[in-house]
Every structure is written in C-alpha cells, then in structure tokens.
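Colleague: Sending over a structure as structure tokens; questions will come in a sec.
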Amino acid sequence: MATLFSCIPCAVQKICLFSHHGKRCTRIVQITVTLVTQATAQPLQDSLGRPVKVGGLELRNRVFLAPMSGISDAPFRKLAWQFGAGFCVSEMVASEALVTGHMEMVLKGSDSGLPLHAVQIAGREPKWMALAAKLAVDKGAGLIDINMGCPAKKVTNGYSGSALMRDLDHAMTLVDAVVAAVDVPVTLKMRLGWDDQMINAPELATRAVASGICMITVHGRTRCQFYKGAADWGRVRAVRDVIHVPLVVNGDIGCADTAGLALARSGADAVMIGRASYGAPWLPGLVAGTVPAGAMDIAANGLVSDHYEAMLSFYGAPLGLKQARKHLGWYLTTLECDPAPRLRTELMTATRPERVLELIGCIFSSQPLSRTIIGKDGKAIRHNDGLAA
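Throughout the sequence shown, residue numbering follows the numbering used here, covering 213 to 601 in sequence.
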C-alpha cells in the first residue's frame, strides 16, 4: 500500500499539508487518506505501470514525457527515463532544417542513449517529412512521431504543427509520406482541432490510423486556445470511439489524480505529461509508480549538478550554460529553494560553470530527493511498492 502523500489525489494532498496545523484535523484527514489510497490510487497505479504495445514495440509503462521544444532535450529525456518514464520523445524537429544539416535541429533530434530513440518531426512538405524520417531512422530512431499539435505562431504561420488541422487532406499527404518512408512505427500528436468550430481530431485520427499510424496522442485543447482554460479530456473520448490503436491523452496532467481523471474521461490507454515536468524530471515515473529503487536517494543538489553538467557536455559550455538557466529556475521552484536574492541572481547570471556548480551545491539541499520533494519526513517515498505522485 502506498504511503502518505505518495499516491493520493492532488486535492487531498493539499488538505494533508494544511492539516498539520491541528491534531483534530489531522486525524480526520488520515482516515480520508487511507480510504482514497486503498480504493483509488493503487488500481490506477497498477494500470499506469503496465506496458503498452505500439506497432511492434513495447513501451514499459503508460506515463510518457511530452516532446517540448527547448525543454525535452537529450539530457532531460535521459533523466526522465532514469526516474521511470515510460516513453520519451525528442523535441520537435523541423524536417527541412534537419535534412539540410541545420545544427540546432541535429541537436534536437540527437540520440539520448535510451533503449528507444524516438524523434518528433514537423513540416508542411511531404518530401521533407519523408526525408527527415528516413534520416532519423538511419541515425538510430526506432519510432517517428509527427507533430500536428504545436500551437506556436512561428510554427502555424509556416503551415506546420496544428495549422495542418485546417486542411486534413494536406495533413494526410504528410502522414502517407512518412509511413511509406520508414519501416519503424509512426505515431501522431494532434489537438482537438483548430478552434471550437473545427473539432476534427476524430476524423484525422481515423484517416491516420487507416494509413498506418500506430498511436495517437491528443492534447485536450484546440489550437486557438493555446494553453488557456482547462484541457477538455472528455472531448478526447470521441477519438477513442473511432480508433483501435493506443490513444494517449495530454494536457493539464501533473499528478496521479489528474492522470486518473484524464484516463476516465477520455478512455485513453496512456497519459503524456508536459509542462508539469518543468524542473521535475522524476514526475512521469512518480505518476506511473515506476521509479527504480534507489533513484530518489540522490541528493537534490546532486541531481541539479548532474543535469547541469550533462547540459554542458551536450551543448558545450557557452550554449549549455545559457540553456541550463531556465532549468535552474524551475528547480528552485520544484525543490522549494528560496535563496537570498543575491545568490539567486548570481546563479542565473554567472558565466563560469565552476561558479554555477558551487552555487548549486550551497543553494540546493543535500538531503535525498525523496525528502526534498514530498513530505520532508522521509515517509513519502517507497520504491517499487506503491509509489506514485
């Protein structure tokens, strides 16, 4: 049975934390925790921790890390995998830029050393999409994901990403080209549609699966919503009703509670976690209950240092130092660090990696990650016997 805070719904977690102010309230909440944990969390965790087959591949659990531009680079994906994520996809890679050797796109599509190297490609021309898929497979990719969900203006203005949902016939020329170009599983990520007047995810999913797509991921918003409002997981169910391949639901999923609600409302087979993982590469594994034994024993400052050094190694010192700053800022939040303003400023502006590592060592806790992120008392984390978010 999972321990306190580790697999109860988010709303109850907040009550538990608040309950420490009074003994009477604490006793009532402890009863609530027991009921929710026994009746709800463990079956959910058992479900999320099961493998799922995609084409000829088997993904080790059902909580995936989303492809996120500027975030889910090779060092971040490797960390998420080490903490138990079921599946990690590269950042979005512009197809034409990859084929023509643009160094930024080559880095975005780089192999992170995981058992399955998955590359997400985007574009508007069948020729470039097919060539990019072939190139990625030649470089070791075992799965190709097609992006038809990115809402960013710089992407949609180029008639890529979610803009393709405005013209499904053209979108299908890209799907057909990629599926025909490679002999590895091809998956597709999309939104509900372009706007509320164009909810066409079910049609696109149906046509894509008929063309050979092996898995569909749907973010529960339209492109015109961007990230405003709440993800509508219920609308994703219309896709579940028309496809037989695995369905992944995405959007506003950040704990076991939201994962369970998203699955129940959408009928999906798996969940994908995006923005909630900023500064929290352990989150997919926690939600799935698949964090390997010992993974949470690393000191918080050791994790941040390891991530920082991995980015320096991957990008080189000048670029890596700059790219790492946003991650350091997120770690300050997720690891509940509140350094003196002078130290915070220096951490985010220092230009010598040696100095940044010194600051990480003194700002972040030397306590094990298990004590730092949940509970603070060492009772919140147990390995391989009921762990969840």
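Just so you know, even glycine gets a beta-carbon here, dropped at the ideal spot from N, CA and C.
1) Using only alpha-carbon positions, find the residue among 324, 319 and 304 that is nearest to residue 335.
2) I'd like to check one pair, residue 266 with residue 604: are the Cβ atoms closer than 9 Å?
3) For residue 515, which of helix, strand or coil comes out of DSSP?
4) Measure the alpha-carbon distance for residue 533 versus residue 362 and round it to whole angstroms.
5) If you draw a straight line from the alpha carbon of residue 248 to that of residue 527, how long is it in whole angstroms?
6) Checking 9 Å against the spacing of the C-beta atoms, do residue 435 and residue 406 come in under that value?
7) In the DSSP output, what is residue 276 paired with across the bridge?
8) Could you please give the first and the last residue of the uninterrupted alpha helix (DSSP H) stretch that includes residue 403?
9) Looking at the structure shown, is residue 425 part of a helix, part of a strand, or coil, going by DSSP?
10) Are at least three pairs of beta-carbons, each pair with one atom in the stretch 470-487 and one in the stretch 550-569, less than 8 Å apart?
11) Go to residue 535, then tell me how far its alpha helix (DSSP H) extends in each direction, as first and last residue.
12) So what's residue 416 in DSSP terms, helix, strand or just coil?
13) When the Cα atoms are used, what is the spatial distance from residue 339 to residue 388?
14) Opposite residue 294 in the DSSP bridges: which residues?
15) Ignore the nearest five residues each way along the sequence and tell me which others in residue 451's own chain have a CB closer than 7 Å to its CB.
16) Thinking residue 516 and residue 576 are a contact (beta carbons under 8 Å), I'd like their distance in whole angstroms, please.
17) Answer yes or no: the CB of residue 455 versus the heavy atoms of the ligand FAD, is any distance below 8 Å?
18) Can you find a C-beta in chain D that's less than 9 Å from the C-beta of residue 485?
19) Going straight from the alpha carbon of residue 531 to that of residue 583, what length do you get?
20) On a Cα-Cα basis, can you pick out the residue from 318, 346, 301 and 306 that is closest to residue 327?
21) Given this structure, state the Cα-to-Cα distance separating residue 372 from residue 332, to the nearest angstrom.
22) I'd like to know whether the C-beta atoms of residue 377 and residue 419 end up nearer to each other than 9 Å.
23) The beta strand (DSSP E) with residue 346 in it runs from where to where?
24) For residue 389, report the span of its alpha helix (DSSP H) as first-last.
25) From this set, 542, 352 and 342, which residue's C-alpha is nearest residue 323's C-alpha?
26) Please report the residue range of the beta strand (DSSP E) in which residue 357 lies.
27) Are the Cβ atoms of residue 492 and residue 443 separated by less than 9 Å?
28) Taking the straight line between their C-alpha atoms, what separation do you get for residue 585 and residue 524?
29) Under 6 Å Cβ to Cβ from residue 386, same chain only, skipping five residues before and after it: list those, please.
30) Could you tell me if residue 574 is buried or exposed, where buried requires 16 or more neighbouring beta carbons within 10 angstroms of its beta carbon?
31) Do residue 177 and residue 425 have their C-beta atoms within less than 9 Å of each other?
32) When the Cα atoms are used, what is the spatial distance from residue 251 to residue 356?
33) Which one of 298, 286 and 299 has the shortest CA to CA distance from residue 320?
34) Apart from the five residues on each side of it in sequence, which residues of its chain come closer than 7 Å, Cβ to Cβ, to residue 535?
35) So the candidates are 422, 468 and 467; which of them puts its Cα closest to the Cα of residue 455?
36) So, helix, strand or coil for residue 454, using DSSP?
Modeller: By the coordinates alone:
1) Within the sequence shown, the letter at position 123 stands for residue 335. Nearest C-alpha to residue 335: 304.
2) Outside the shown range of the chain (213 to 601) lies residue 604, about which nothing can therefore be said.
3) For this step, residue 515 is matched to residue 303 along the sequence shown. In the structure shown, residue 515 sits in a helix (DSSP, three-state: H, G or I).
4) Here residue 533 refers to the residue found at position 321 of the sequence shown. Here residue 362 refers to the residue found at position 150 of the sequence shown. Cα to Cα, the separation comes out at about 27 Å.
5) Numbered from its first residue, the sequence shown carries residue 248 at position 36. Numbered from its first residue, the sequence shown carries residue 527 at position 315. Confidence in residue 248 is poor, its pLDDT being 37 and thus under 50, which makes the residue's placement unreliable; the coordinate value appears in the next sentence. Put simply, the backbone Cα of residue 248 is about 45 Å away from that of residue 527.
6) Counting from one through the sequence shown, the residue named residue 435 turns up at place 223. Counting from one through the sequence shown, the residue named residue 406 turns up at place 194. Contact flag set, yes.
7) Within the sequence shown, the letter at position 64 stands for residue 276. In the DSSP output, where bridge partners are listed per residue, residue 276 has 299 and 484.
8) For the purposes of this step, residue 403 is identified with residue 191 of the sequence shown, where counting begins at 1. Taken as a continuous stretch (DSSP letters only), residue 403 belongs to no alpha helix (DSSP H), being part of the beta strand (DSSP E) at 398-403.
9) Taking the first residue of the sequence shown as position 1, residue 425 is located at position 213. Coil.
10) In this structure the stretch 470-487 does not lie against the stretch 550-569, because fewer than three pairs of beta carbons, one per stretch, are closer than 8 Å.
11) Along the sequence shown, one-based indexing puts residue 535 at 323. Unbroken alpha helix (DSSP H) run through residue 535: 529-546.
12) As a working mapping, residue 416 is identified with position 204 in the sequence shown. Helix at residue 416.
13) Walking along the sequence shown from the start, residue 339 turns up at place 127. Walking along the sequence shown from the start, residue 388 turns up at place 176. So the two alpha carbons sit approximately 11 Å from each other.
14) Numbered from 1 along the sequence shown, position 82 holds the residue referred to as residue 294. In the DSSP output, where bridge partners are listed per residue, residue 294 has none listed.
15) Walking along the sequence shown from the start, residue 451 turns up at place 239. So the qualifying residues of the chain are 413, 414, 417, 428, 430 and 459.
16) In the sequence shown, residue 516 corresponds to position 304, counting from 1. In the sequence shown, residue 576 corresponds to position 364, counting from 1. Separation of the CB atoms of residue 516 and residue 576 is rounded to 5 Å, and the pair is thereby assigned contact status at 8 Å.
17) This structure lacks the ligand FAD, and indeed carries no ligand of any kind.
18) Although the question refers to chain D, the structure presented lacks it and comprises just one protein chain.
19) Reading the sequence shown from its first residue, position 319 is the one you call residue 531. Reading the sequence shown from its first residue, position 371 is the one you call residue 583. Cα to Cα, residue 531 sits roughly 32 Å from residue 583.
20) On the sequence shown, position 115 is the one that residue 327 refers to. Per the Cα distances, 301.
21) The residue you call residue 372 lines up with position 160 of the sequence shown. The residue you call residue 332 lines up with position 120 of the sequence shown. When rounded, the distance between both Cα atoms is 13 Å.
22) As a working note, residue 377 is residue 165 in the sequence shown. As a working note, residue 419 is residue 207 in the sequence shown. Contact: no.
23) One-based indexing of the sequence shown puts residue 346 at position 134. For residue 346, no beta strand (DSSP E) segment is defined; the enclosing uninterrupted segment is the alpha helix (DSSP H) at 338-350.
24) For the purposes of this step, residue 389 is taken as the residue at position 177 of the sequence shown. Counting along the chain, the alpha helix (DSSP H) containing residue 389 begins and ends at 380-393.
25) As a working mapping, residue 323 is identified with position 111 in the sequence shown. Nearest option by C-alpha distance: 352.
26) Residue numbering aside, residue 357 sits at position 145 when the sequence shown is read from its first letter. Its beta strand (DSSP E) spans residues 355-360.
27) To locate residue 492, count along the sequence shown from 1; it is residue 280. To locate residue 443, count along the sequence shown from 1; it is residue 231. No.
28) For this step, residue 585 is matched to residue 373 along the sequence shown. For this step, residue 524 is matched to residue 312 along the sequence shown. So the two alpha carbons sit approximately 25 Å from each other.
29) Indexing the sequence shown from 1 puts residue 386 at position 174. Taken in chain order, the residues that qualify are 338 and 341.
30) One-based indexing of the sequence shown puts residue 574 at position 362. Answer is exposed; the Cβ neighbour count stays below 16.
31) Outside the shown range of the chain, which is 213 to 601, sits residue 177, and nothing can be said about it.
32) Here residue 251 is taken as the residue at index 39 of the sequence shown, counted from 1. Here residue 356 is taken as the residue at index 144 of the sequence shown, counted from 1. Because the pLDDT at residue 251 is just 45, under 50, the model does not fix this residue reliably, and the point stays unresolved.
33) Here residue 320 corresponds to residue number 108 of the sequence shown, with the count starting at 1. Of 298, 286 and 299, the residue nearest in Cα terms is 286.
34) Position 323 of the sequence shown, counting from 1, holds the residue named residue 535. Hits under 7 Å: 523 and 527.
35) Position 243 of the sequence shown holds residue 455. 422 is the residue among 422, 468 and 467 whose C-alpha sits nearest the C-alpha of residue 455.
36) As a working note, residue 454 is residue 242 in the sequence shown. Residue 454 carries a coil assignment under DSSP once its states are collapsed to helix, strand and coil.
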